[in-house]
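See structure below.
Protein chains in written order, with our numbering: chain G, 872 to 1200; chain Y, 54 to 335.
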């Protein structure tokens, strides 16, 4: 959203309402205490309005984020005090195969969930953009998974992906495929978890794309039709380029979301932080949780969190760079 | 010139039968898990563990719901979640509207820096801050209490951004100026001019905030324990093997999901509108 917000930011010379007005011509030179009070109120008002937000935001948003870096330089066990150990946690992390496993699983589940999710969403948005009967119903229905909590969704899907009597295995059996042990397999568990993510987020992204499509000027389609472009060509050459900022936005949001994946793998594994018997679906989020609240190593958990933070920053910068390069070309 | 162009694509084309078929099938896939939740919640576990599983709801819904309520304090969880979500929603809407107004319509020293900090951190997930939050809450003696869940969520950067975008477009500058000329204080202006205009935006932000607060998972699971849970913490405990009964798990899930789904179905149109508006502006 960084890129988007910057694009959406208005010019900074918005007429300012709170500014003290210059004294009107012909007004008495000595202002009464009333008008002075008035002016003072107008000067301080904006700070009063942003103060509650920033007080809470600094105390519980910004400060904890930065303090994470500080904690990561300490040995900090659950229930005891911090002691300085420099970069030891980082040495531990970067020489730990479990970290690389979690990083890798986060990436593979991220790709497995994000790519189909956005592709399906794009197709759906294209269909939703036609004149439809019952479109409010369709839109609300598509957003209902988004309104469902991670915990609820995962519990239902754990049942649906059950080994013995799950719906998915039943349907596979109907076409002659042997039951799959979704939870204990490596890729199968990752696929099942990705399906949960896809289910929850596809409708949301479809609506975002739909909004983007509706802001593409109709003239562009007219011109393309004039040039003899068919539907598909119009989609490729008008819709897709017009949606580029929206698509980049959803990629950033989904990628950040995927990097934080936590509830789905935790509950899919029945509340175990190991992400399956062979850590087959232990994401970075789970790894952090395991270190901090199962092993009581809060310092190490903070180290994982800080590395995740740096990864996100890198992703956002990479994205901004790609976006800029594409526009320059 | 425009008159010569065939007027295609002016209004969106009407959808053909294949479009309806595909959309219908996808909608079914989106809704099926809810239905299956209901089926599994209304039957004894033994019936769900054989193939083929039943596809119609059974008669055991109340039994299962009552068991869930007894075993995982779902009742207490519902009350807790309601308290937490309402508090967060009221605070977020109020504080973010005020800050959003200041950023949208007022000029003051440090505005750009402050707004930059706000949107610059908007994308940073709060789950990265759980370790310090945990130690802060422990120091404040709040670990395991509802305030520890509420405090970090009282405001969001997104809310400020959302309200700023909304007010930027919907509050005419002349109106504010006129109020000032008439001698209205800034607070008076906010109360009688800005808030009435901001109401639809506040409603959308409120619904989104309530949904997010109700569904919040990571931090509540860390700070709360099973004796004083929110709905998501109770669901987490249900799913963590304390109750190996799928029927009870699904009954609890159903009860915990229903409130937010009801809100969503009733106000879905506005929420959809809000998300689309937020996306276009955002």
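Glycine included, every Cβ here is placed at the ideal spot set by N, Cα and C.
Shown here, residue 1065/G sits in a helix according to DSSP, grouped into three states. Note: residue 954/G is bridge-paired with 946/G in the DSSP secondary-structure output. The DSSP assignment places 183-192, 199-203, 210-223, 226-234, 239-242 as complete runs of the alpha helix (DSSP H) inside the stretch 182-249 of chain Y, in order along the chain (cut-off: 4 residues). Interface with chain Y (8 Å Cβ-Cβ cutoff): residue 1188/G is excluded. Here the alpha carbons of residue 152/Y and residue 143/Y stand approximately 14 Å from one another.
Distance from the CA of residue 1098/G to the CA of residue 173/Y, rounded to the nearest whole angstrom, comes to 43 Å. Comparing C-alpha distances from residue 230/Y to each of 246/Y, 217/Y, 216/Y shows the shortest one belongs to 246/Y. In the structure shown, residue 67/Y falls within a strand segment according to DSSP collapsed to helix, strand and coil.
Listed by position along chain Y, the residues whose Cβ is nearer than 8 Å to that of residue 909/G are 236, 238. Of the residues 197/Y, 171/Y, 298/Y, 89/Y, the one whose Cα lies closest to the Cα of residue 110/Y is 89/Y.
Within the stretch 294-306 of chain Y, 294, 299, 302, 303, 306 place their CB atoms closer than 8 Å to a CB of chain G, listed in sequence order. Any Cβ of chain G closer than 8 Å to the Cβ of residue 328/Y would place that residue at the interface, and such an atom is present. Of all residues in the stretch 1028-1048 of chain G, only 1028, 1029, 1030, 1031, 1033, 1035, 1036, 1037, 1038, 1040, 1041, 1044 come within less than 9 Å of chain Y when Cβ atoms are compared, listed by chain position.
Counting the other CB atoms within 10 Å of its CB gives residue 1195/G a total below 16, which places it among the exposed residues. If you draw a straight line from the Cα of residue 1073/G to the Cα of residue 1066/G, it is about 10 Å long. For residue 1127/G, the uninterrupted alpha helix (DSSP H) run begins and ends at 1111-1130, by DSSP. Classified as exposed, residue 911/G has fewer than 16 neighbouring CB atoms from the shown chains inside 10 Å of its CB. Residue 1122/G and residue 124/Y have their C-alpha atoms roughly 41 Å apart.
Residue 1135/G and residue 325/Y have their C-alpha atoms some 25 Å from each other.
CA-to-CA, the gap between residue 1105/G and residue 1192/G works out to about 28 Å. Between residue 1080/G and residue 1117/G, the gap from beta carbon to beta carbon is short of 8 Å. Exclusion of the five residues before and after residue 131/Y leaves 284, 308, 309, 312 as the residues of its chain whose Cβ lies within less than 8 Å of its Cβ.
Nearest CB-CB separation between residue 104/Y and chain G: below the 8 Å threshold.
Remark: C-beta atoms of residue 1130/G and residue 1091/G do not approach each other more closely than 8 Å. In the DSSP secondary-structure assignment, residue 1002/G is bridged to 67/Y. Relative to the Cα of residue 148/Y, the nearest Cα in the group 105/Y, 222/Y, 258/Y, 253/Y belongs to 258/Y.
Our two residues, residue 186/Y and residue 1021/G, have alpha carbons roughly 22 Å apart in a direct line. Closer than 8 Å to the CB of residue 1070/G there is at least one CB belonging to chain Y.
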